[in-house]
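One structure is given here, and the rest of the page talks about it.
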Amino acid sequence: MLGTRVGKEAPRFHSSCLFDGHTNRKMPVVNRTFHSPLQAKGTQPILGVFNFAMTDARVLSIQSHVVHGYVGNRSAVFPLQLLGVEVDVLNTVHLSNHTGYKKFRGQRMDAAQLEEVVLGLEENDLLNYSHLLTGYIGSPGLAQAIVNTLTKLRAKNKDTLYVCDPVMGDENKLYVPRELVDIYRDQIIPLADIVTPNQFECELLTGLPMTCDTDVIQACRHLHGMGPKIVVISSFLTSDDAETLFIYASEKISGTEFQQFKMEIPRLQEYYSGTGDLFAALLLGWLSRPDVGLKSAVENIVASIQAVLKRTSAAQSANRELKLIQSRHDLEFPTVTIHATAF
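Per this note's numbering, residue 22 is the first one in the sequence shown, and the count goes up by one each step.
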């Protein structure tokens, strides 16, 4: 029941998928009992026991921002924090609301402005990140600035993992400059550890048409050959099944060995902005846990997003902004009902 996703904050279907973790970070669980200040003396604690997942993951998240609503960093930061991840935010755009509204206003960051902010972090010795997460970039100049930023991050910490959502378009519609496709393919994807293109974006990056499982396997291996260890193909639709979204996740284990999973999810007809940004954030959060493998991770993420969309749909608001705050328990403790299968 995954919905749609916004790259440039324009609607696009985004099913989900996932993979195994890369880090070796320990994450102890702390049990604590809280006493409410409103609790009567001599009574039992009101809140009982909570589990807090602790991780030393520290993320630099570079993507869009809106004042109202939940897309880009507004959709990514809260879920990551719920999963125990420290997040620093760098916004590529600062808009009143996402572009699916009738009107929007705001500013877009250029390459020089982004690199100025990164320089400030560097001057204060603040570039020691475990992960870089990027979403909507929007311009060739910003893309090059992100390449330069990743170079600095890996000079500080050679093990910095890069999760790249190559937001370019959907359903055969490109909504970034064409030259940005070439930059993604030739410069950015080879640097990424994890990439999450949708069906259209995967075809742009590989030049391969995708209509069936065999095509997906070929496309995933093509992308693995470009550099990433983990590839997720989201929003895969077939011409003979308009009611189902397919999700594919592929991890390269060795030169010729791959771990691959597939999920089938009932397709929603409504459009929901920000689900792709939410998905990438949850993906990073779960993968920072050494005890969560590919199959469990993708199942957790799909369960969380299903719950968010169910609650958002029930609210019947005109603009369908994701109900993230109301769904915080489902983001942190998802209930899995759909399972991934090997393919």
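Just so it is clear, CB atoms sit at the ideal spot from N, CA and C, and this is done for glycine as well. It should be emphasised that the depicted structure is a prediction, and the values quoted were computed from it without experimental measurement.
(request) Within 10 angstroms of the Cβ of Gly90, are there 16 or more other Cβ atoms? Answer buried if so, exposed if not. (result) buried
(message) Output needed for Asp207: all residues of its chain with C-beta closer than 6 Å, excluding positions within five of it in sequence on either side, in chain order.
(response) none
(request) Output the boundary residues of the alpha helix (DSSP H) element that contains Gln337. (result) Where Gln337 is concerned, there is no enclosing alpha helix (DSSP H), given that its DSSP letter is neither H nor E.
(message) Given this structure, state the Cα-to-Cα distance separating Gly93 from Thr113, to the nearest angstrom.
(response) 9 Å
(request) Note the first and the last residue of the continuous beta strand (DSSP E) segment covering Glu192. (result) It is not in any beta strand (DSSP E) - Glu192 carries neither H nor E in the DSSP assignment.
(message) Just list the residues that DSSP pairs Cys185 with in beta bridges.
(response) Thr155, Val216
(request) Label Glu278 either buried or exposed according to how many other C-beta atoms from any shown protein chain fall within 10 Å of its C-beta, with 16 as the threshold for buried. (result) exposed
(request) With a cut-off of 8 Å on the beta carbons, I'd call Gln239 and Leu229 a contact; round off their distance for me. (result) 6 Å
(message) Comparing C-alpha positions only, which one of Leu212, Thr296, Val87, Gly105 sits nearest to Leu171?
(response) Leu212
(request) Indicate the three-state DSSP secondary structure (helix, strand or coil) for Ala363 in the structure shown. (result) strand
(message) Using the three-state DSSP reduction, which class does Asn112 fall into: helix, strand or coil?
(response) strand
(request) Output yes or no for whether 9 Å exceeds the beta carbon distance between Leu266 and Arg288. (result) yes
(request) Could you spell out where the beta strand (DSSP E) holding Ala263 opens and where it closes? (result) 262 to 273
(request) Please confirm whether Tyr157 and Ser82 have their CB atoms less than 9 Å apart. (result) no
(message) Tell me the rounded alpha-carbon separation between Asp214 and Glu192.
(response) 25 Å
(message) Check for me: the alpha helix (DSSP H) holding His86 runs from which residue to which?
(response) Run containing His86: none in the alpha helix (DSSP H); it sits in the beta strand (DSSP E), 79 to 87.
(message) Rounding to the nearest angstrom, what Cα-Cα distance links Arg310 and Thr76 in this structure?
(response) 8 Å
(message) Just to confirm the assignment, what range does the beta strand (DSSP E) spanning Ile251 have?
(response) 251 to 259
(request) Assign Ser294 to one of two classes, buried (16 or more other C-beta atoms within 10 Å of its C-beta) or exposed (fewer than that). (result) buried
(request) Buried or exposed for Val252, please, with buried defined as at least 16 other CB atoms from any protein chain shown within 10 angstroms of its CB. (result) buried
(request) Report yes if the CB atom of Ser260 is closer than 9 Å to the CB atom of Thr235, and no otherwise. (result) no
(request) Within the same chain, show all residues whose beta-carbon is closer than 6 Å to that of Ala166, passing over the 5 residues directly before and after it, in chain order. (result) Ala132, Leu135, Glu136
(request) Find out if the Cβ-Cβ distance for the pair Leu153, Tyr183 is shorter than 9 Å. (result) yes
(message) For Ser348, which residues in the same chain have their Cβ closer than 7 Å to its Cβ, ignoring the five residues on either side in sequence?
(response) Ala328, Val329, Arg332
(request) Could you check if Asn321 is buried or exposed, using at least 16 other CB atoms within 10 Å of its CB as the buried criterion? (result) buried
(request) Return the first residue and the last residue of the beta strand (DSSP E) that Phe282 is part of. (result) 279 to 287
(request) Hey, could you find the ends of the beta strand (DSSP E) Gly127 is sitting in? (result) 127 to 129
(request) For Glu353, name the three-state secondary structure that DSSP assigns. (result) helix
(request) Take Ser275 as the anchor and find which of Gly159, Gly248, Val197 has the nearest alpha-carbon. (result) Gly248
(message) From the DSSP secondary-structure annotation, give me the bridge partner or partners of Glu342.
(response) Its beta-bridge partners do not exist; DSSP assigns none.
(request) Determine the direct distance from the alpha carbon of Leu101 to that of Ile286, and round the result to whole angstroms. (result) 24 Å
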